[in-house]
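Engineer: Before I ask anything, here is the structure I am working with.
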Amino acid sequence: MDKKLLDILACPVCKGPLVYQQETNELICKPDRLAYPIRNDIPVMLEEEARQIPADQDI
31 MDKKLLDILA CPVCKGPLVY QQETNELICK PDRLAYPIRN DIPVMLEEEA RQIPADQDI
């Protein structure tokens with residue numbers, strides 16, 4: 031994930047910062063516990079495409 035792109039992207043729900051998780055190739059919003067997928071090197075920043083991270087899973 032390009033550092034410059036990560037610096038300008040924000041969670042579409044809360045407008046907070048995102049963290050790149052290399053293992054799953056997702057952008058993580060910790061406060062909302064949402065994981066946005068990256069497909070073909072393009073972040074999919076749609077709430078309906080995000081995966082909800084279970085409360086018992088560490089992020």
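All residue numbers for the sequence shown refer to my numbering, where the first residue is 31 and numbers rise by one.
Beta carbons are placed, not taken as given, at the ideal position from N, Cα and C, and that holds for glycine.
1. Which first and last residues belong to the alpha helix (DSSP H) in which I38 is found?
2. Is it right to say P61 is buried, meaning 16 or more other beta carbons lie within 10 angstroms of its own, or is it exposed?
3. Look up C59 in the DSSP assignment and give the residues it is bridged to.
4. State buried or exposed for L57, treating a residue as buried only when at least 16 other CB atoms are found within 10 Å of its CB.
5. Out of P84, N55, A80, M31, which has the shortest C-alpha to C-alpha gap to P42?
6. Across which residues does DSSP place Q82 in a beta bridge pair?
Structural biologist: Quick answer:
1. Run containing I38: 33-38, per the alpha helix (DSSP H) assignment.
2. exposed
3. Listed as beta-bridge partners of C59 by DSSP are L64.
4. By the 10 Å Cβ count, L57 comes out buried.
5. A80
6. L64
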